[in-house]
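Numbering (this note's numbering), first residue to last: 270 to 704.
Worksheet for the structure shown next.
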């Protein structure tokens, strides 16, 4: 092992001793924001690979292209923080990190390419460490099982050990992660919970953010602040889950795409949502989003075009007519204003509540909003409680776009899907085709 120039304890801080030294087969960490869970894990793996010659690491997220700004950046930061970046070679094409004294690797994969994930190997040493970051994004336990059966695998020398680490925010207590790892004790599993209170590197302004959240949205504070499991009771939308739906099936005529946009800028993010609706079976499938602050209208138009939605009808906030006009000028021609009026919020919510909602795992911000979108105790309309007006930008965009569902007629769509014309001959011949 190369000697590290810093004291690890001073770099990592407190609250993670047991987690840092854990060697059990599964090391599972749930935590709130600013709890040091991802940065500590990144530091831990750089330290481990340099300590254990022959070890290699596979880093996994649901979507491969999310690594660059998350795990890859965190592990690169960890190298610099430990003062060993000169010993590592980092490339983005292919995305990997190499410990140059020994050739040990850190590889990056996504569950969106299962075949490549299952066939991952290394040329030097053993692929004995796995880090599943944002494990809450993995909707199906079966997908995790495929990874678990493939990596880590094989015999390893006595000086090494196999371990899969999972880190995530616990947005929903119904997730398979809770049932598998937290609800029952297992000798091969160690579970940990952490939050911002153990992060001594935060300053007073950072802590003030959580104190405001504690007052304004207790439910979100419980998850994002304290790292506790989110619960479903009292949510505006309760009938939802994370997963994927195949809508390219024989009854695809039942499904139609809808798109919503809520504007933001400095403090509030611009929120775009794309979803399919099946009004026959009462199902909604949310499959795409973007969610970002400080987006100019040109940025919004560019993002919509990049995702292939520029020719779609998009319901956007009617309170921003200038922005709507600007997007039309920028090539998003079918922008239409949302419909607002008496009881529009509650009526829109009421209609959506009739449906079962499935959210694609990559729509992480939609999951977060669904998990914390609750009714206000004080804000009412005609005696009925309204949802809290915070952390609801995607929910507003969803409601805007859902206004168009009432115009969708699946039975007419089915009628319009005519069979190809039939070729005939003989007495009925009229040029070959019976039109």
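Heads up, the beta-carbon is just placed ideally off N, CA and C, and yes, glycines get one too.
Model, not experiment: these values are computed from the prediction.
Using a 10 Å radius around the Cβ and a threshold of 16 neighbouring Cβ atoms, would you call residue 337 buried or exposed?
Residue 337 sits at position 68 when you count from the first residue of the chain shown. By the neighbour-count rule (16 or more Cβ atoms within 10 Å), residue 337 is not buried but exposed.
Residue ranges of each alpha helix (DSSP H) run of no fewer than 4 residues wholly in the region 376-461, ordered along the chain?
Within the region 376-461, the complete alpha helix (DSSP H) runs of at least 4 residues are 383-387 and 410-419.
Going residue by residue through the region 496-526, where are the continuous alpha helix (DSSP H) segments of at least 4 residues, counting only ones entirely within it?
List check, alpha helix (DSSP H) in window: nothing returned.
Given this structure, state the Cα-to-Cα distance separating residue 674 from residue 619, to the nearest angstrom.
Within the chain shown, residue 674 is the residue found at index 405, counting from 1. Within the chain shown, residue 619 is the residue found at index 350, counting from 1. Going by the C-alpha atoms only, they are around 13 Å apart.
Is the region 487-496 touching the region 663-679 in the sense that three or more CB pairs, one from each, lie closer than 8 Å?
Not touching, per the Cβ criterion.
What whole-angstrom Cβ distance do residue 331 and residue 381 have, given they're in contact under 8 Å?
Numbered from its first residue, the chain shown carries residue 331 at position 62. Numbered from its first residue, the chain shown carries residue 381 at position 112. So it is a contact: roughly 7 Å between Cβ atoms.
So residue 629 and residue 556 are supposed to be a Cβ contact under 8 Å. How far apart are they, rounded?
Translated into positions along the chain shown, residue 629 becomes position 360. Translated into positions along the chain shown, residue 556 becomes position 287. About 5 Å; that satisfies the 8 Å criterion.
Use the C-beta contact count for residue 307: other C-beta atoms within 10 angstroms, 16 or more gives buried, fewer gives exposed.
As a position in the chain shown, residue 307 is number 38, starting the count at 1. Burial call: buried.
Would you kindly work out how many angstroms separate the C-alpha atoms of residue 700 and residue 596, rounded to a whole number?
Mapped onto the chain shown, residue 700 falls at position 431. Mapped onto the chain shown, residue 596 falls at position 327. Bear in mind that the predicted position of residue 700 carries a pLDDT of just 44, short of 50, making it unreliable; the figure below should be weighed with that in mind. About 48 Å.
Using the Cα positions of residue 423 and residue 372, report the straight-line distance between them to the nearest angstrom.
Position 154 of the chain shown holds residue 423. Position 103 of the chain shown holds residue 372. Taking the straight line from one Cα to the other gives about 20 Å.
How far does the beta strand (DSSP E) with residue 298 in it extend, from its first residue to its last?
One-based indexing of the chain shown puts residue 298 at position 29. Counting along the chain, the beta strand (DSSP E) containing residue 298 begins and ends at 295-300.
What is the rounded straight-line gap between the Cα of residue 279 and the Cα of residue 350?
Residue numbering aside, residue 279 sits at position 10 when the chain shown is read from its first letter. Residue numbering aside, residue 350 sits at position 81 when the chain shown is read from its first letter. Between residue 279 and residue 350, the C-alpha separation is close to 11 Å.
Identify whether residue 603 lies in helix, strand or coil by the three-state DSSP scheme.
Start at 1 with the first residue of the chain shown, and residue 603 comes out as number 334. Three-state DSSP puts residue 603 in coil, outside helix and strand.
Within its chain, find whatever has a CB closer than 7 Å to the CB of residue 383; leave out the 5 residues flanking it on each side and keep chain order.
On the chain shown, residue 383 is found 114 positions in, with the first residue counted as 1. So the list reads 415, once near-sequence residues are dropped.
Take residue 431 and list the residues in its own chain whose beta-carbon comes closer than 6 Å to its own, dropping the five residues that flank it on each side.
The sequence position of residue 431 within the chain shown is 162, counting from 1. So the list reads 397 and 421, once near-sequence residues are dropped.
Among 667, 281 and 425, which residue has its Cα nearest to the Cα of residue 586?
In the chain shown, residue 586 corresponds to position 317, counting from 1. The candidate whose alpha carbon is nearest that of residue 586 is 667.
Rounded to whole angstroms, what is the Cα-Cα separation between residue 573 and residue 504?
By 1-based counting over the chain shown, the position of residue 573 is 304. By 1-based counting over the chain shown, the position of residue 504 is 235. Whole-angstrom Cα-Cα distance: 30 Å.
Do you know offhand how far residue 289's Cα is from residue 509's?
In the chain shown, the residue the question calls residue 289 occupies position 20. In the chain shown, the residue the question calls residue 509 occupies position 240. For residue 289 and residue 509, the distance between alpha carbons rounds to 35 Å.
If we count Cβ pairs, one from each stretch, closer than 8 Å, do we get three or more for the region 564-573 versus the region 597-612?
Judged by Cβ distances under 8 Å, the region 564-573 makes contact with the region 597-612, as three or more pairs qualify.
Which partner residues of residue 562 appear in the DSSP bridge assignment?
As a working mapping, residue 562 is identified with position 293 in the chain shown. None, per the DSSP bridge assignment.
Hey, how far is the Cα of residue 310 from the Cα of residue 682?
Counting from one through the chain shown, the residue named residue 310 turns up at place 41. Counting from one through the chain shown, the residue named residue 682 turns up at place 413. Roughly 51 Å separates the two Cα atoms.
Within the continuous beta strand (DSSP E) that includes residue 367, where are the two ends?
Position 98 of the chain shown, counted from the first residue, corresponds to residue 367. Note, residue 367: beta strand (DSSP E), 364-368.
Taking only runs that begin and end inside the region 298-367, name each unbroken beta strand (DSSP E) of 3 or more residues, in chain order.
For the region 298-367, whole beta strand (DSSP E) runs of length 3 or above, ordered along the chain, are 324-330 and 357-361.
How long is the line joining the alpha carbons of residue 450 and residue 427, rounded to whole angstroms?
Your numbering for residue 450 matches position 181 in the chain shown. Your numbering for residue 427 matches position 158 in the chain shown. Taking the straight line joining both Cα atoms gives about 26 Å.
Is the separation between the beta-carbon of residue 408 and that of residue 499 shorter than 7 Å?
Here residue 408 is taken as the residue at index 139 of the chain shown, counted from 1. Here residue 499 is taken as the residue at index 230 of the chain shown, counted from 1. The answer is no: Cβ separation not under 7 Å.
According to DSSP, is residue 538 part of a helix, a strand, or is it coil?
In the chain shown, the residue the question calls residue 538 occupies position 269. Note: residue 538 maps to coil in three-state DSSP.
For residue 412, which residues in the same chain have their Cβ closer than 8 Å to its Cβ, ignoring the five residues on either side in sequence?
Residue mapping note: residue 412 aligns to position 143 of the chain shown, counting from 1. 380 and 383.
According to DSSP, simplified to helix, strand and coil, what is residue 491?
Here residue 491 refers to the residue found at position 222 of the chain shown. Note: residue 491 maps to helix in three-state DSSP.
Could you check the C-alpha separation between residue 296 and residue 458 for me, to the nearest Å?
Here residue 296 refers to the residue found at position 27 of the chain shown. Here residue 458 refers to the residue found at position 189 of the chain shown. Distance between the alpha carbons of residue 296 and residue 458 is about 6 Å.
Taking only runs that begin and end inside the region 619-663, name each unbroken beta strand (DSSP E) of 3 or more residues, in chain order.
You should have 625-628, 644-650 and 653-656.
Just the Cα atoms here: how many angstroms apart are residue 365 and residue 339?
Position 96 of the chain shown, counted from the first residue, corresponds to residue 365. Position 70 of the chain shown, counted from the first residue, corresponds to residue 339. If I take the Cα positions, the gap works out to 14 Å.
Hey, would you say the C-beta of residue 475 is under 6 Å away from at least one heavy atom of the ligand SAM?
This structure lacks the ligand SAM; in fact it carries no ligand of any kind.
Pairing CB atoms from the region 627-644 with CB atoms from the region 463-478, are three or more of them under 8 Å?
No, the region 627-644 is not in contact with the region 463-478.
Whole angstroms are fine: how far does the CA of residue 658 sit from the CA of residue 488?
Locating residue 488 in the chain shown gives position 219, counting from the first residue. Locating residue 658 in the chain shown gives position 389, counting from the first residue. Answer to the nearest angstrom: the Cα atoms are 14 Å apart.
Per DSSP, residue 554 is paired with what?
By one-based count along the chain shown, residue 554 stands at place 285. Per DSSP, 545 and 627.
Answer with buried or exposed for residue 444, where buried requires no fewer than 16 other C-beta atoms within 10 angstroms of its C-beta.
Indexing the chain shown from 1 puts residue 444 at position 175. Buried is the call here.
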